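Read through the structure below, which is laid out as structure tokens, and then see the notes.
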Amino acid sequence: MDFLSNFLTDFVGQLQSPTLAFLIGGMVIAALGTQLVIPEAISTIIVFMLLTKIGLTGGMAIRNSNLTEMLLPVAFSVILGILIVFIARFTLAKLPNVRTVDALATGGLFGAVSGSTMAAALTTLEESKISYEAWAGALYPFMDIPALVTAIVVANIYLNKRKRKSAAASIEESFSKQPVAAGDYGDQTDYPRTRQEYLSQQEPEDNRVKIWPIIEESLQGPALSAMLLGLALGIFTKPESVYEGFYDPLFRGLLSILMLIMGMEAWSRIGELRKVAQWYVVYSLIAPIVHGFIAFGLGMIAHYATGFSLGGVVVLAVIAASSSDISGPPTLRAGIPSANPSAYIGSSTAIGTPIAIGVCIPLFIGLAQTLGAG
Amino acid sequence: MDFLSNFLTDFVGQLQSPTLAFLIGGMVIAALGTQLVIPEAISTIIVFMLLTKIGLTGGMAIRNSNLTEMLLPVAFSVILGILIVFIARFTLAKLPNVRTVDALATGGLFGAVSGSTMAAALTTLEESKISYEAWAGALYPFMDIPALVTAIVVANIYLNKRKRKSAAASIEESFSKQPVAAGDYGDQTDYPRTRQEYLSQQEPEDNRVKIWPIIEESLQGPALSAMLLGLALGIFTKPESVYEGFYDPLFRGLLSILMLIMGMEAWSRIGELRKVAQWYVVYSLIAPIVHGFIAFGLGMIAHYATGFSLGGVVVLAVIAASSSDISGPPTLRAGIPSANPSAYIGSSTAIGTPIAIGVCIPLFIGLAQTLGAG
Amino acid sequence: MDFLSNFLTDFVGQLQSPTLAFLIGGMVIAALGTQLVIPEAISTIIVFMLLTKIGLTGGMAIRNSNLTEMLLPVAFSVILGILIVFIARFTLAKLPNVRTVDALATGGLFGAVSGSTMAAALTTLEESKISYEAWAGALYPFMDIPALVTAIVVANIYLNKRKRKSAAASIEESFSKQPVAAGDYGDQTDYPRTRQEYLSQQEPEDNRVKIWPIIEESLQGPALSAMLLGLALGIFTKPESVYEGFYDPLFRGLLSILMLIMGMEAWSRIGELRKVAQWYVVYSLIAPIVHGFIAFGLGMIAHYATGFSLGGVVVLAVIAASSSDISGPPTLRAGIPSANPSAYIGSSTAIGTPIAIGVCIPLFIGLAQTLGAG
């Protein structure tokens, strides 16, 4: 009982932190029909500054740290990114009225990482005086990229299989039921003569999904670009003066504006969700918490095995719980063009992200505190 | 004489403060034809940050304050908002070449509050080391909304009366002078038979002006949204960390940029004013000072009755002197579509605001100092 | 040898400074195909804030300084601005495949000053603890404007001469070779009868190039507007509170973002350079260093004659080495419309600016340090 009551107190306390308060505030004023609009240019530069700062922090930490202690958390991040997509494949995709490609895209987005959610977690950890490895933010790409790559690869393999099957079926049909009248193919001199020919001709390249372009596109996205730039500058140069005088002190304030934007955005996307199967709502409510708990469990293994801090475990859990809202969607749109963006973006932005920030962050911080952190 | 010379010294000193210096600087470089343009996105986020900060200040103050001491200043704010519209109705509207709806819209804008002007007043008070109630900024909506509502309601009542009169006149005419030939109304089967019917059919809804939508629209405007959000976050959450590390320290600097923008904007609107009756110029020069003095008088009553600080009296006077330049115009444009925006926006932005910032702020601060403040 | 090894150590050390690190970082991520885009509105406000800050610094310094010590550096700035254009006229313009107007426009841009490069130099000087006159930034317009004016005036004189020559040639031709058949000029009653008449009629105004509009346009450009505004506010008002709480502390961080933008921009312009004669590449690589050395030499004269600091000498050398990338191009585009922007903007942005920041700043700081500065 003590455990539960402590946990509840910690949980409720988090809701008053500026990060969550601005998120909820954004949802409330959007619900009340505010005409406040934060310009696109502002949210772009805020995301840039937050992720550059997270990168710089990580880079400067890596410069002074023991790389072997990063191995286990990095490995777990990769595993989690892949695992989350397969969870969606074998839960969400099996539900009625859910198309498999939509489920895979949604799983990819929930496996990918939200830089904003991670920024919120790091800030809340600091406010709660729970220490974590400074390089923890650098786990981001190790979960983000495997998730997106897995989702796109699995979706394309699925689409190819289905296409081959239906092509086979339709050719079967055309060969068996529709006798071809002589002269019917006037100028179609290259019409396939056999079923075999037909198949090999139709999808000569579609059969292998190219993995490298997906990785490249993820790395080139604005959020990861900024983070990796910060990481490189932190490792190879001396950015301390701009870090201490600019990126670090402005971090929390800029985050509060971004949280407000995300709250308003979440509210405005609720409508899109109504258009798609209601199972997405159920998935989006449960998945962040389930993913977070799996990651928390893996993180605890690293905690006992290599001394990964409890704060670091929370970071791992939150990036697993988070879903990508800025850089993931364009990658998926390009990689799985047949998936419905209303389904995966709606699920992620309208429900997944608020749950990750509003429920998972206080939940896992509360859990860490009960386990002795801070 | 001592009074006057002290006052003049204080007054001139204010013109060198960054706030006024940037306003005048903006007017000067605009007059010299600068190609400098501060992007729209920047002024939007500056207004957001300034008003959120003012709201946060107010909210945190209200959380720790005695609400009863706010009652009298709040009541005076409401009274002033309404009164300023009626002053315009019975002065500006009576002048030659001034349309009544234009005068009412102008009165509404001068009764409404400029968040930027208020921000300038609060900053100048701090620079002059005059203390004021931290919740003073929260008086804003209590003057702003009543002014806009009154202007729109009175304008619509006026328009309805006139329409009814002219409709009555024209029907009178059509009934008396133009005998209707049989067969003239071929397919107009629902043509009104009696004058009574005509009137009730034409304006079944126009007769009552809906007040709630005007209040709602005012509250939803970007400036008031941001301020009320800040207010709510200040009252219900713990925003101290972002307030002290972000919103508060950036306040003055952001204000200096906004003042520059407003100076350039004021200069560019001067041309619009030439298109409308010159009485607007006279009104815009005098009204802020008159409104400010009335508010200063009411504020002094609160000063003696409930100990409202002299700094608070200055805030009340300045928000009465200010005219809304950001959120007011769209509300009025929607509420009184027949009014001429060149008239009311030109008056407010080109003359009213510079007078409020450049004359009224130093004037009332000088007055408060002579009365013993600071 | 000691001189050289000291110099090399200092030079390499500069490359790790945040300013250069972000510039190189921007080029690297652009080369890797990043999709990161810093919005236009953000770079506009950053340039505004940097140049306002430089202006404020200069203005407050001038308020408290001995104007006579500025005379020699100001005179050298004017001389350098003019000289650089004539260097381009008698080197670049003489090379094969280089049009004279393009060479003059390029010379104008390399003579004009980049506020961003100057900001980078001032920051790097501070990081290296080398003191310089606070008014040194105010040398900017004294080199910038003469360079642009000279380029435009010389280009127009050249174009007029050529036009007159070719007009003369073509008239010569038409008079000598093409006998005019009677009746050919049916309704062309005002056709010139004599060569003299023809010439005086064609270019009555083109012959004199108006200098004042060029100066006016330079002064009205966004960068110079902001700097002169800051200068005036620094001299005539008391901006210390916003300077110390806003413009000064944010300077380095904003500069780091601008350097990133300039690095990405430089990379994207490399392609444009390929379209024009390769001599531009050679010129852009050498010219900043040559101009810098001439300025360094003149600066040393001022150093020995009037005690101009070694830091000030570096500032003079860097603004001579810099080429205008923000405000210069539109002035030149308007002033020499026949010049090819790919040539002069490509040269300046893709090569000139990176050389000025990445080579000249560490070069001249290293040189000053070897001569005893810091």
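Chains A, B and C, in that order, are what the protein sequence lines are. Residue 1039 in this note's numbering is what sits at position 45 of the first sequence, and the numbering runs on without skipping anything. Residue 1142 in this note's numbering is what sits at position 148 of the second sequence, and the numbering runs on without skipping anything. Residue 1229 in this note's numbering is what sits at position 235 of the third sequence, and the numbering runs on without skipping anything. Virtual Cβ for every residue (Gly too), placed ideally from N, Cα, C. Given the structure is predicted, the values throughout are model-derived calculations rather than measurements.
Quick one: list the residues of chain A neighbouring residue i, beta-carbon separation under 7 Å, in chain order.
i, result
"C/Q1010", "T1231, K1232"
"B/I1039", "I1032, P1033, I1036"
"B/L1103", "Residues of chain A passing the Cβ test: none, with the nearest at roughly 18 Å."
Distance check for residue j and residue i, CA to CA, integer angstroms please.
i, j, result
"C/L1089", "C/F1080", "14 Å"
"C/R1057", "C/F1136", "18 Å"
"C/K1204", "B/I1036", "36 Å"
"A/M1021", "B/K1232", "18 Å"
"A/G1366", "A/G1247", "29 Å"
"C/I1355", "B/Y1241", "36 Å"
"A/I1208", "A/G1329", "7 Å"
"B/L1310", "B/A1055", "17 Å"
"C/E1191", "C/L1249", "Low confidence applies to C/E1191: its pLDDT is 40, below 50, so where it sits in the model is not reliable enough to give any reading."
"B/L1066", "B/V1307", "12 Å"
"B/R1263", "B/L1098", "20 Å"
"B/P1012", "B/E1234", "26 Å"
"C/S1108", "C/S1342", "10 Å"
"A/A1315", "C/S1316", "49 Å"
"A/T1051", "A/L1227", "10 Å"
"B/W1261", "B/G1239", "35 Å"
"A/S1160", "A/G1102", "26 Å"
"A/V1147", "A/T1300", "33 Å"
"A/G1265", "C/W1206", "59 Å"
"B/A1130", "B/N1060", "13 Å"
"B/I1073", "B/I1283", "17 Å"
"A/K1269", "A/P1331", "18 Å"
"A/L1086", "B/A1128", "52 Å"
"B/V1068", "B/T1094", "29 Å"
"B/L1361", "B/L1279", "19 Å"
"B/L1326", "B/M1256", "20 Å"
"B/Q1363", "B/L1213", "34 Å"
"A/I1032", "C/A1296", "51 Å"
"C/G1027", "A/P1323", "18 Å"
Note down, in chain order, every chain A residue with its Cβ under 8 Å from the Cβ of residue i.
i, result
"C/E1121", "S1235"
"B/A1220", "L1030"
"C/L1244", "F1240"
"B/L1074", "Within chain A, no residue comes near B/L1074; the closest Cβ sits about 25 Å away, beyond 8 Å."
Which residues in chain C sit within 7 Å of residue i, going by Cβ to Cβ distance?
i, result
"A/L1223", "G1019, I1023"
"A/F1287", "Residues of chain C passing the Cβ test: none, with the nearest at roughly 34 Å."
"A/A1132", "By Cβ distance, chain C contributes nothing, its closest Cβ being about 17 Å from A/A1132, past 7 Å."
Would you please state the rounded distance, in angstroms, between the beta carbons of residue i and residue j? I believe it to be under 8 Å.
i, j, result
"B/D1138", "B/A1333", "B/D1138 to B/A1333, Cβ: 18 Å. No contact."
"C/L1044", "C/S1110", "7 Å"
"B/G1352", "B/L1014", "6 Å"
"B/A1344", "B/L1267", "5 Å"
Note down, in chain order, every chain B residue with its Cβ under 9 Å from the Cβ of residue i.
i, result
"C/P1216", "T1028, Q1029, L1030, V1031"
Mind pulling the chain B residues with CB within less than 7 Å of residue i?
i, result
"C/L1326", "What C/L1326 touches in chain B: nothing, since even the nearest Cβ is about 14 Å away."
"C/A1113", "Ordered by position in chain B, no residue passes the 7 Å Cβ test against C/A1113, which lies about 17 Å from the chain."
- Any residues in the stretch 1246-1259 of chain B with a beta carbon nearer than 7 Å to a beta carbon of chain A? Which ones, in chain order? Listed by position along the chain: nothing, the set is empty.
- Query: Of all the residues that make up the stretch 1008-1037 of chain C, which are near chain A by a beta-carbon distance shorter than 9 Å?
  - Reply: Within the stretch 1008-1037 of chain C, the residues whose Cβ lies closer than 9 Å to some Cβ of chain A are L1009, Q1010, S1011, P1012, T1013, L1014, A1015, F1016, I1018, G1019, G1020, V1022, I1023, L1026, G1027, T1028, Q1029, L1030, V1031, I1032, P1033, E1034, A1035, I1036, listed in chain order.
- Completely contained alpha helix (DSSP H) runs for the stretch 1025-1113 of chain A, where each covers 4 or more residues: Fully enclosed alpha helix (DSSP H) runs of 4 or longer: 1034-1057, 1065-1084, 1094-1105.
- Return the residues of the stretch 1048-1060 of chain C that lie within a Cβ-Cβ distance of less than 8 Å from chain B, sorted by chain order. Those residues of the stretch 1048-1060 of chain C that come within reach of chain B (Cβ to Cβ, closer than 8 Å) do not exist; the list is empty.
- Could you name each continuous alpha helix (DSSP H) segment of 4 residues or more that falls completely within the stretch 1227-1293 of chain C, going from the start of the chain to the end? List check, alpha helix (DSSP H) in window: 1242-1269.
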